[in-house]
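S.K.: One structure, as structure tokens, below. Some questions next.
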Amino acid sequence: MNHYETVFILNPVLSETQIKETVEKFEDFVVSRGGKMISKENWGLKKLAYPIQHKKSGFYHLFEFQAPGEVITPYELEFRRDERIMRYLTVRLDKHAISWAERRRNKKTAKS
Numbered sequence: 235m236n237h238y239e240t241v242f243i244l245n246p247v248l249s250e251t252q253i254k255e256t257v258e259k260f261e262d263f264v265v266s267r268g269g270k271m272i273s274k275e276n277w278g279l280k281k282l283a284y285p286i287q288h289k290k291s292g293f294y295h296l297f298e299f300q301a302p303g304e305v306i307t308p309y310e311l312e313f314r315r316d317e318r319i320m321r322y323l324t325v326r327l328d329k330h331a332i333s334w335a336e337r338r339r340n341k342k343t344a345k346s
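What follows is the structure, encoded as structure tokens:
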């Protein structure tokens, strides 16, 4: 099981329920294939650095999860097929990135 992090940007014209459905869809995709969600973050509506599909903003979401390596290819294929997703990036975390992500999560929960 490898440690991964995915950031994806959803189309800004989506309703709250459509955003929730999309996030749940990708969470279920990972879990149904033997993965384990560690953390989910909704960063909200943010301005983009450059226009994507003629849009100037998007809803950002971050997933941190553990999954077998063979899950990632179909996972990213699902991102490409979904028209609600404007961009996505999945990276495998090394031991330093894992500890940094853990510190970031702990700092965030301490603020709450």
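Using my numbering, read the sequence shown as starting at 235 and increasing by one per residue. Ideal Cβ positions, reconstructed from N, Cα and C, are used throughout, including at glycine. The structure presented is a predicted model; accordingly, all values stated were derived computationally and were not measured.
So does the region 257-268 actually touch the region 301-320, counting three or more Cβ pairs closer than 8 Å?
M.R.: Output reads yes: the region 301-320 touches the region 257-268.
S.K.: May I ask which residues mark the beginning and end of the beta strand (DSSP E) holding Arg-326?
M.R.: For the purposes of this step, residue 326 is taken as the residue at position 92 of the sequence shown. Counting along the chain, the beta strand (DSSP E) containing Arg-326 begins and ends at 319-326.
S.K.: Assuming Val-325 contacts Glu-239 (C-beta within less than 8 Å), just tell me the rounded distance between them.
M.R.: Along the sequence shown, read from residue 1 onward, the residue named residue 325 stands at position 91. Along the sequence shown, read from residue 1 onward, the residue named residue 239 stands at position 5. So it is a contact: roughly 6 Å between Cβ atoms.
S.K.: Got a sec, what are the start and stop residues for the beta strand (DSSP E) Ser-249 sits in?
M.R.: Looking up residue 249 in the sequence shown gives position 15. Unbroken run through Ser-249: none, as it is neither H nor E.
S.K.: Ends of the alpha helix (DSSP H) at Pro-308?
M.R.: Residue 308 sits at position 74 when you count from the first residue of the sequence shown. Per DSSP, Pro-308 belongs to the alpha helix (DSSP H) from 306-315.
S.K.: Kindly indicate which residue of Ser-273, Ala-301 and Phe-242 has the alpha-carbon position closest to the one of Ile-286.
M.R.: On the sequence shown, position 52 is the one that residue 286 refers to. Cα-wise, what sits closest to Ile-286 is Phe-242.
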